[in-house]
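K.L.:
Start counting the sequence shown at 886; every next residue gets the next number (this note's numbering).
This structure is in structure tokens; I'll ask about it shortly.
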Amino acid sequence: MRGQRNANRKGTSGRPRVSSGDNTARIWDAVTAKEIAVLRGHNRQVFSAAFSRDGSRIVTASGDKTARIWDAANGRETTVLRGHEGPVNSAAFSPDGSRVVTASRDKTAHIWDAASAQESAASAKEIVLMGHTGSVNSAAFSPDGKKIATASDDKTSRIWDAATGETAVLQR
């Protein structure tokens, strides 16, 4: 598949999540391998892409210090999440799709309200998770959406309360 660099697990719609080295993400039909859409908007490499559980949206994370939310049906960018001071390594939706968590080289993870992000990215940021002393490489919601796990170059992982941002568990 031309332009494809890293294909991750399949989204709920049967389409693979794709990140690429050409500053885009691409949606492919998993059965026909036909390119459905190219998500253009980032001006640096896209490091990760993930579908919302219902398959209606995609969130991408990029070296341009942003995460972006896209309409999976038409590939249209709906929101740019700005606030990190370094490249954004990963982004993921909460199980119910109402929030997004991002992990960054700026040593933080951010929790965004995906619903209000549709109206104003400035009002979308809910909580900044601070405590790591190295790049935060990944962040993910627990299956019930109540916790967030982060992993960092500081050789720790943390479990956070998704409502308060408090560290619940620190593992070295």
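Don't be surprised by glycine CBs; every beta carbon is placed ideally from N, CA and C.
Determine whether the beta carbon atoms of ALA994 and LEU1014 lie at a separation below 8 Å.
P.N.:
Residue 994 sits at position 109 when you count from the first residue of the sequence shown. Residue 1014 sits at position 129 when you count from the first residue of the sequence shown. The answer is yes: Cβ separation under 8 Å.
K.L.:
Does ALA999 come out as helix, strand or coil in the three-state DSSP assignment?
P.N.:
Walking along the sequence shown from the start, residue 999 turns up at place 114. The answer is helix: DSSP assigns ALA999 an H, G or I state.
K.L.:
Just confirm the distance between the C-beta atoms of LYS1032 and ALA1053, as a whole number of angstroms; I'd bet it's less than 8 Å.
P.N.:
In the sequence shown, the residue the question calls residue 1032 occupies position 147. In the sequence shown, the residue the question calls residue 1053 occupies position 168. Their Cβ separation, rounded to whole angstroms, is 7 Å, which keeps LYS1032 and ALA1053 in contact under 8 Å.
K.L.:
Under a three-way DSSP split, which group does GLU962 fall into?
P.N.:
Residue numbering aside, residue 962 sits at position 77 when the sequence shown is read from its first letter. In the structure shown, GLU962 sits in a strand (DSSP, three-state: E or B).
K.L.:
Which same chain residues, not among the five before or five after GLN1056, have their C-beta less than 7 Å away from its C-beta?
P.N.:
What you label residue 1056 is simply residue 171 of the sequence shown in a count that begins at 1. Around GLN1056: THR1041, SER1042.
K.L.:
Take the Cβ of VAL916 as the centre, count every other Cβ of all protein chains shown within 10 Å, and call the residue buried at 16 or more, exposed below.
P.N.:
Mapped onto the sequence shown, residue 916 falls at position 31. Exposed, by the Cβ-count rule.
K.L.:
Please report the Cβ distance between ALA946 and ALA922, rounded to the nearest whole angstrom; I am assuming they are in contact, meaning their Cβ atoms lie under 8 Å.
P.N.:
Residue mapping note: residue 946 aligns to position 61 of the sequence shown, counting from 1. Residue mapping note: residue 922 aligns to position 37 of the sequence shown, counting from 1. Rounded, the Cβ-Cβ distance is 18 Å, inconsistent with contact.
K.L.:
Could you tell me if ARG877 is buried or exposed, where buried requires 16 or more neighbouring beta carbons within 10 angstroms of its beta carbon?
P.N.:
No answer is possible for residue 877: it lies beyond the span of the chain, which begins at 886 and ends at 1057.
K.L.:
What did DSSP end up calling ARG990 once you bin it into helix, strand or coil?
P.N.:
The residue you call residue 990 lines up with position 105 of the sequence shown. The answer is coil: DSSP assigns ARG990 none of H, G, I, E or B.
K.L.:
If contacts are defined as beta-carbon pairs under 8 Å, then VAL931 and ASN908 qualify, I think. What distance do you get, rounded to the angstrom?
P.N.:
Stepping through the sequence shown from its first residue, residue 931 is reached at position 46. Stepping through the sequence shown from its first residue, residue 908 is reached at position 23. About 6 Å separates the two Cβ atoms, so the contact holds.
K.L.:
For GLU1011, I'd like the list of residues in its chain whose CB is within less than 6 Å of its CB, leaving aside the five on either flank, ordered along the chain.
P.N.:
Counting from 1 along the sequence shown, the entry for residue 1011 is found at position 126. Closer than 6 Å at the Cβ level, and outside the excluded window around GLU1011, lie ILE996, ASP998.
K.L.:
If you follow the beta strand (DSSP E) that LYS1032 is in, where does it begin and where does it stop?
P.N.:
Numbered from 1 along the sequence shown, position 147 holds the residue referred to as residue 1032. From DSSP, the beta strand (DSSP E) with LYS1032 extends over 1032 to 1037.
K.L.:
In three-state DSSP terms, what is VAL916?
P.N.:
Counting from 1 along the sequence shown, the entry for residue 916 is found at position 31. VAL916: coil per DSSP, three-state reduction.
K.L.:
Taking the straight line between their C-alpha atoms, what separation do you get for PHE1081 and ASP1046?
P.N.:
Past the edges of the chain, shown from 886 to 1057, lies residue 1081, and the structure says nothing about it.
K.L.:
Determine whether the beta carbon atoms of GLY971 and ARG990 lie at a separation below 8 Å.
P.N.:
Counting from 1 along the sequence shown, the entry for residue 971 is found at position 86. Counting from 1 along the sequence shown, the entry for residue 990 is found at position 105. A contact, by the Cβ cut-off of 8 Å.
K.L.:
Determine the contact status of GLY948 and LYS992, defining contact as a CB-CB distance below 8 Å.
P.N.:
Residue numbering aside, residue 948 sits at position 63 when the sequence shown is read from its first letter. Residue numbering aside, residue 992 sits at position 107 when the sequence shown is read from its first letter. No, they are not a contact pair.
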